[in-house]
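> Quick one: structure below, then a few questions.
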Amino acid sequence: MESTGQNPPWENHTTLMGFILLGFSDVPDLQGFLFGVFLSIYVIILMGNSLVVLIIKADSSLQNPMYFFLGNFSSLEICYVSVTVPRLLIDLCRQNRSISFLACATQMYFFLVLGGTECFILTAMAYDRYVAICKPLLYPLIMNNRLCIHLAAGCWMTGIPVHIGLTYQIFSLPFCGSHQLNHFFCDIPPIVRLACGDTSMIEMLIYVLAVLLVTIPFMLILGSYVKVISTILTLPSAAGQAKAFSTCSSHLMVVALFFGSGMISYLRPKSSYSAGMDKFISLFYTIVIPVLNPMIYCLRNKDVRVALRKFL
1 MESTGQNPPW ENHTTLMGFI LLGFSDVPDL QGFLFGVFLS IYVIILMGNS LVVLIIKADS
61 SLQNPMYFFL GNFSSLEICY VSVTVPRLLI DLCRQNRSIS FLACATQMYF FLVLGGTECF
121 ILTAMAYDRY VAICKPLLYP LIMNNRLCIH LAAGCWMTGI PVHIGLTYQI FSLPFCGSHQ
181 LNHFFCDIPP IVRLACGDTS MIEMLIYVLA VLLVTIPFML ILGSYVKVIS TILTLPSAAG
241 QAKAFSTCSS HLMVVALFFG SGMISYLRPK SSYSAGMDKF ISLFYTIVIP VLNPMIYCLR
301 NKDVRVALRK FL
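This is the structure:
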């Protein structure tokens, strides 16, 4: 059959319709319960991270690079969860769960940009701890205000052009057949699975970017903490060791949770993909980890606890 140079009818139809986010429609009796749970978690995330930002701004004892990056991290968490959770809450309250191509691409883009920014900020926080513990005499000189601002700006801006290109490539794929997205937001794996034709090139691009934006920062963080821990073990007093470990343990817990779930989601083999498992992992790094982060940093950090009591 000769090509007419026009899009097939199904492609035009799919372009108009976009996708349908199935979310948790497979458990209709739990929609109200899930709405209450996710709304409560969302409010806790907003309040917890906003409180951390306010404490850092208000308390003069927290005006140092470590808490500057923590304030950036908490602000980022507010933006990060706001990309996915409000849409999830709306879909739990209605029958029509369709999302246009443009809205889906926009949600994916901001989710990827903010996720990449989180990887970079966690890396910057690890570098700050490395300088503070391994080079304490040079710490004020190295981690000056100018460097901190440049690092933070680089963390926020670096992923913007990269993810514009990636999002464009993903949504340039032809989508045929079912346009039902078995997920609660527009994430990469379920979107690519709906594409027809050869997706090997885009999958390779996704894998390369995941290595660059997730694996390499994770390895840099690990390298920093290998040196940090070896330095801590050489400290003469047990009290000094305990204080140094306490400033690092919170960050290490967040790194392990976030990077671990991210690597499982984006770097696992395609053959092991499961829609149910993918939704569970996505819930973990989009909702569970952000609600844990303020608790981890506040409960395990003496300076933040003291500042919190003063603030309240």
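Residue 209 in the working numbering sits at position 209 of the sequence shown, and the numbers go up by one each step. All residues carry an ideal CB built from backbone N, CA and C; glycine is no exception. A quick note: this is a predicted structure, and the numbers were derived from the prediction, not measured.
What does residue 133 pair with, by DSSP beta-bridge criteria?
The sequence position of residue 133 within the sequence shown is 133, counting from 1. Paired residue(s): none; residue 133 is not in a bridge.
> Just how far apart, CA to CA, sit residue 8 and residue 176?
Along the sequence shown, one-based indexing puts residue 8 at 8. Along the sequence shown, one-based indexing puts residue 176 at 176. With a pLDDT of only 43 at residue 8, under the threshold of 50, the placement of this residue in the model should not be trusted; the figure read from the coordinates follows. Those two C-alpha atoms are separated by around 10 Å.
> Cβ of residue 206 within 8 Å of Cβ of residue 188?
Numbered from its first residue, the sequence shown carries residue 206 at position 206. Numbered from its first residue, the sequence shown carries residue 188 at position 188. Taking 8 Å as the Cβ cut-off, residue 206 and residue 188 qualify as a contacting pair.
> Could you name each continuous alpha helix (DSSP H) segment of 4 residues or more that falls completely within the stretch 251-304, going from the start of the chain to the end?
Within the stretch 251-304, the complete alpha helix (DSSP H) runs of at least 4 residues are 275-283, 289-299.
> Between which two residues does the beta strand (DSSP E) carrying residue 21 extend?
By 1-based counting over the sequence shown, the position of residue 21 is 21. Counting along the chain, the beta strand (DSSP E) containing residue 21 begins and ends at 19-21.
> Starting from the Cα of residue 166, find the closest Cα among 50, 192, 118 and give me that residue.
In the sequence shown, counting from the first residue as 1, residue 166 sits at position 166. Selected option, being the one with the closest Cα: 192.
> Tell me, please, whether the stretch 288-307 touches the stretch 51-58 by the rule of three or more beta-carbon pairs shorter than 8 Å.
Cβ pair count under 8 Å is three or more, so yes.
> Could you tell me which whole beta strand (DSSP E) segments of length 3 or greater appear in the stretch 201-245?
Segments of the beta strand (DSSP E) lying fully in the stretch 201-245: there are none.
> Please state the DSSP three-state secondary structure of residue 24.
Position 24 of the sequence shown, counting from 1, holds the residue named residue 24. Looking at residue 24 - three-state DSSP - the assignment turns out to be coil, as it is neither helix nor strand.
> What residue does the alpha helix (DSSP H) around residue 153 start on, and which one ends it?
If you number the sequence shown from 1, residue 153 lands on position 153. First-last of the alpha helix (DSSP H) with residue 153: 145-157.
> Quick check: what's the CA-CA separation for residue 281 versus residue 257?
Locating residue 281 in the sequence shown gives position 281, where the first residue counts as 1. Locating residue 257 in the sequence shown gives position 257, where the first residue counts as 1. Taking the straight line joining both Cα atoms gives about 11 Å.
> Report the residue from 311, 113, 226 whose alpha carbon sits nearest the alpha carbon of residue 131.
One-based indexing of the sequence shown puts residue 131 at position 131. Comparing Cα positions, the closest option is 226.
> Counting only runs of 3+ residues fully inside the stretch 73-127, write out the beta strand (DSSP E) ranges in chain order.
Entirely contained in the stretch 73-127, not one beta strand (DSSP E) run reaches 3 residues.
> Within its chain, find whatever has a CB closer than 7 Å to the CB of residue 235; leave out the 5 residues flanking it on each side and keep chain order.
In the sequence shown, the residue the question calls residue 235 occupies position 235. Once the five neighbours on either side are set aside, the close Cβ partners of residue 235 are 241, 244.
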